Amino acid sequence: MRRVSGIDLNGWQDVAARDWDPEEPDERLPEPLILDGGVRSVAVSQLSGECIGGPQASLAPHGRGKGWGLIGAENRRVSIAEICDAIATGAPDVDIGAYAAAVDALTRDAEDVIIAVPDHPSFDEAAQGRVLALFRRVRRAHRLLWRPVALFLDALERQIIPADADGAKFRFLIHCDDGIEVQTLRLRKDKEHHGHVAPERDGYGSKILSQFGLRQFDDRVHAAVLKANPLLADGRCEQSTLAIELLFGRKRPGDTQILRHDNGNWFDVIAPDISPQTLLKLEHIDHVPAFEDGEPVSGTFFVTPLADRFAHPLVKTLEQYFGRLETLDWSGTARGALFAGRLIERGLPHYFDHLTPIGLAVLRGDEPGFEDLVGSEATLPANREYVSPPYHDLRWLRGKTEIDFYVLKGDTEVRHWQVELESAPPRDLAVELRLRQTPGQSWAKLSLTSPDWEPLQRNPIFLDWAKLTPDARTPAEVLEELRTPPPTIPERVVERPHDEFWRGSNRFEGISTVVRQMTRSGRLDPDRLAKLLSRSLRDPVTGTRFWPVGTDGTLPDTLSPEEKADFTSILDALDVQIQRASLQNPPADNHRLRCLTWTFTLCPEATKQAIVEALEADTARKRHPLLMPNRARTVLTQGAGRSITGVENLKRVLTVLASRAANTDTLNALAMILSRREEAPKALTGSLVDKLVKMLSQELVQLTSQRSFSMRFRNALLALAGLFRYREVERYALLAGRDPLAQTIRTNLDEVSRLLDSHRRAVRQYPEKKRTIASIREFLDGQGDPNILLLIEDMTGDDVNDD
8 MRRVSGIDLN GWQDVAARDW DPEEPDERLP EPLILDGGVR SVAVSQLSGE CIGGPQASLA
68 PHGRGKGWGL IGAENRRVSI AEICDAIATG APDVDIGAYA AAVDALTRDA EDVIIAVPDH
128 PSFDEAAQGR VLALFRRVRR AHRLLWRPVA LFLDALERQI IPADADGAKF RFLIHCDDGI
188 EVQTLRLRKD KEHHGHVAPE RDGYGSKILS QFGLRQFDDR VHAAVLKANP LLADGRCEQS
248 TLAIELLFGR KRPGDTQILR HDNGNWFDVI APDISPQTLL KLEHIDHVPA FEDGEPVSGT
308 FFVTPLADRF AHPLVKTLEQ YFGRLETLDW SGTARGALFA GRLIERGLPH YFDHLTPIGL
368 AVLRGDEPGF EDLVGSEATL PANREYVSPP YHDLRWLRGK TEIDFYVLKG DTEVRHWQVE
428 LESAPPRDLA VELRLRQTPG QSWAKLSLTS PDWEPLQRNP IFLDWAKLTP DARTPAEVLE
488 ELRTPPPTIP ERVVERPHDE FWRGSNRFEG ISTVVRQMTR SGRLDPDRLA KLLSRSLRDP
548 VTGTRFWPVG TDGTLPDTLS PEEKADFTSI LDALDVQIQR ASLQNPPADN HRLRCLTWTF
608 TLCPEATKQA IVEALEADTA RKRHPLLMPN RARTVLTQGA GRSITGVENL KRVLTVLASR
668 AANTDTLNAL AMILSRREEA PKALTGSLVD KLVKMLSQEL VQLTSQRSFS MRFRNALLAL
728 AGLFRYREVE RYALLAGRDP LAQTIRTNLD EVSRLLDSHR RAVRQYPEKK RTIASIREFL
788 DGQGDPNILL LIEDMTGDDV NDD
């Protein structure tokens, strides 16, 4: 015989039950033994950091106030009722670990623990998971059980509910902290085990009558205690439990409680007399909805920890809405949990449950829909895990490292599940999705594997519900989105560094030699270094462009650690010199700034911040040291395009650029940011995109009408095409039929195309430009070449750098 304990830990009046004696654990007791966990239970932390719960925690001096010295610090004592609230809400600032200590205190020496929990929507799979996670590393087994089911099992065991009432429905009202929990269960025969019956559940219960909650009653009695004992009003003593003990019948009017004042003195408080009418305030009762659903119940049961003199008038009030009530013992929940454990031990269902429907968004032909993975009518013995047949109609395409799923829980909650692999499969794969679900034991488990690919067989992918936030859209909105394929998003341009710039050749002076000379002499020449860093070369075969420092701030792998350290030390020295600049002592030239920004994102952070501040000062028509040298605006603007990183700083720069008229500097910076910076899409906003679309598309029309197709034209194309990367944030941005801005772009591109046609004989590389314009137009319809930015970058044109 296994040592099983049932427990109802609610923080108001905790109860546990066992039918074995620790001294004789193999002998079943004739009647379950009830363990009283006390009222308004707490857990306390010892000096060692260990947490203790149960009656000994309530009696301990820990956290009881300043009168108990250092050990009385209030942060050493926590209310179990508050922890239960935090478990349900997921409050991040509450440590729920004390819950486990309280469970352990009342179920010591048990091998299996059945924990009774609330049966209403706030105690969802996430809350269930939080409780079970507390015991994940504990050897003994812990299982959750709905409180109404536990009460049903107790009533069935004690023959309050007859075992031959197959199909009959019974309603349970459970007094809780903020109202009355209501759940209706049906008695059902077990077809697999002759003569066995168990309750059947169909979804969450509900909660009504918030003004009858235990917390509200406790507040009213506590107010009466304060009125009768003014010494408590200043809060300079340990917390009194007189109100809750009076409410639950553990104290009577006139009884006293001895408390300790913060100064160490002891004093008495007296329990006042409070009438049921004053407590219940029946004249202010809420409207109670009708609970008859066409099929009458065979009995309604009510359970409350209130003293009889308060419970009786409350029962009479509830009977006006529910008919005759039969009051059950508050300890019945713990006893029922114990009985559930014994049924599980024998392999018998302790209740039946309808599984939470789980649907997967799939395409049937061209029409998306949510495929039911469970079967909406499926019911399951709660002691058994449901394992679905594998869902086969899925494929993982060759070369893709990720696949997206939309999973529907219940009728309304959609979650987006993105599955990623370290390496893409070498061919199209058939994949299988399987669901496992145990009623009332946290989330359903989804796993993904493949019969065709050994790495996915060896390491299946499991869905972690807790890490997925619900999608704000309705299931219908998600399906509507799936009807429209996700539009193409351009790939950003990444240009790599080249070793030839550093080693030197018959065409290039080597940067490493120059850096070594500057380091040894201590004389820095930022103008010379800037000219060396701003050079580029193109591969004659592929057209790929290279720089001394890559556009992501990378250096050639062939550089030694010493070479990299020497170069970095020069950058740091120039950064210090820029930071020392002031309005009284401004820089004489832009050489340091040019040198640092031609290292792209390797530019030191302090200089990047100074650049952003200088650009904002320029927009606000304020003075800034970096604005004072000749051509500073050009160097700052183009330098910002090359070097600025981080979503917030990029957003600030883009805001400045969007406020300006289009010119060579602005377009250069926009092209660099929107085509190259990885975080650029997150720095964009709807307002910025609107401004930039209008600026760039009108600029293209104007340049085409002037037959000006130099670098400025290419940068305008790059920046405009780069705006389609905003789809990484807003999937359907700039898509025809969904985003009005798409029509603005289309209208202006049509005009560019018309102008190109009218000047075709005078336009150099006319076919190339027409193809590029057509390619950008395809993005408006959700298509287009993902390499559009690289294609524009490789257009024949002038590679001269203006700063």
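The opening residue of the sequence shown carries number 8 in our numbering; numbering runs sequentially from there.
Yeah, the Cβ is synthetic: ideal placement off N, Cα and C, and Gly gets one too.
Since the structure is predicted, the reported quantities are computational estimates derived from the model, not experimental observations.
So the beta strand (DSSP E) residue i belongs to, where does it begin and stop?
i: Ile103; result: First-last for Ile103: undefined, no H or E at that position.
i: Tyr773; result: Run containing Tyr773: none in the beta strand (DSSP E); it sits in the alpha helix (DSSP H), 773-787.
i: Lys214; result: 213-215
i: Val414; result: 409-416
i: Val276; result: 273-277
i: Arg267; result: 263-267
i: Val85; result: 84-86
i: Glu706; result: Run containing Glu706: none in the beta strand (DSSP E); it sits in the alpha helix (DSSP H), 693-712.
Tell me which residue opens and which closes the alpha helix (DSSP H) that residue i is part of.
i: Cys602; result: 598-604
i: Asp315; result: 315-329
i: Trp509; result: 507-510
i: Phe4; result: Outside the modelled stretch of the chain, which goes from 8 to 810, sits residue 4, for which no answer is possible.
i: Ala769; result: Run containing Ala769: none; DSSP gives neither H nor E here.
i: Arg25; result: That residue, Arg25, is in no alpha helix (DSSP H); its beta strand (DSSP E) goes 20-28.
i: Thr662; result: 654-665
i: Pro388; result: Note, Pro388: premise wrong, no alpha helix (DSSP H); beta strand (DSSP E) at 386-388.
i: Arg745; result: Careful: Arg745 lies outside any alpha helix (DSSP H) and carries neither H nor E.
i: Thr526; result: 518-528
i: Glu392; result: Taken as a continuous stretch (DSSP letters only), Glu392 belongs to no alpha helix (DSSP H), as it is neither H nor E.
Please classify residue i as buried or exposed, where buried requires at least 16 other C-beta atoms within 10 Å of its C-beta.
i: Lys416; result: buried
i: Leu54; result: exposed
i: Trp811; result: Coverage of the chain is limited to positions 8 through 810, which leaves residue 811 absent and any answer about it impossible.
i: Pro563; result: buried
i: Lys258; result: buried
i: Trp273; result: exposed
i: Phe255; result: buried
Excluding sequence positions up to five away, which residues of its chain have a Cβ less than 7 Å from the Cβ of residue i?
i: Val700; result: Leu730, Leu748, Thr751, Ile752
i: Leu221; result: Trp19, His182, Cys183, Asp184
i: Arg745; result: Tyr739
i: Gly836; result: Past the edges of the chain, shown from 8 to 810, lies residue 836, and the structure says nothing about it.
i: Ala205; result: Arg195, Asp197, Pro356, His357, Tyr358, Phe359
i: Arg9; result: Glu118, Asp119, Glu352
Relative to the alpha-carbon of residue i, which residue among the options has its alpha-carbon at the smallest distance?
i: Gly212; options: Arg154, Thr558, Ala205; result: Arg154
i: Leu475; options: Trp424, Glu429, Thr491; result: Trp424
i: Val276; options: Leu254, Ala109, Cys244, Thr285; result: Cys244
i: Arg683; options: Pro611, Pro169, Arg503; result: Arg503
i: Asp788; options: Leu455, Pro494, Ala250, Asp100; result: Pro494
i: Ile167; options: Asn675, Arg146, Glu333; result: Glu333
i: Leu387; options: Leu355, Ala624, Pro99; result: Leu355
i: Glu735; options: Val548, Arg499, Val556; result: Arg499
i: Pro433; options: Val660, Leu463, Asn592; result: Leu463
i: Arg422; options: Ala437, Leu436, Phe469, Arg480; result: Arg480
i: Gln448; options: Thr96, Val660, Arg150; result: Arg150
i: Glu686; options: Thr671, Leu657, Glu427, Gln709; result: Leu657
i: Gly79; options: Ile87, Asp131, Ser65; result: Ser65
i: Leu798; options: His631, Phe607, Thr779; result: Thr779
i: Arg721; options: Glu570, Ala162, Thr673; result: Thr673
i: Asp173; options: Trp337, Val304, Asp126; result: Val304
From the DSSP secondary-structure annotation, give me the bridge partner or partners of residue i.
i: Ser52; result: Cys58
i: Glu420; result: Lys416
i: Cys183; result: Gly186
i: Ser247; result: None; Ser247 has no bridge partner.
i: Val46; result: Gln20
i: His149; result: Val120
i: Lys629; result: Lys629 pairs with nothing; no bridge assigned.
i: Lys196; result: Val204
Who are the near neighbours of residue i in its chain, counting only those whose CB is closer than 8 Å to its CB and skipping five residues on each side?
i: Ala431; result: Arg405, Gly406, Lys407, Thr408
i: Val807; result: Unreliable placement is indicated for Val807, whose pLDDT of 45 sits below 50; the coordinate value is still reported in the next sentence. Cβ within range, chain order: Met718.
i: Ala627; result: none
i: Val696; result: Leu730, Tyr733, Ala740, Leu741, Leu748
i: Asp315; result: Gly256
Skipping 5 residues on each side, what residues in its chain have a beta carbon closer than 6 Å to that of residue i?
i: Asp21; result: Gly44, Ser48
i: Ala95; result: Ser129, Phe130, Ala134
i: Asn236; result: Val276
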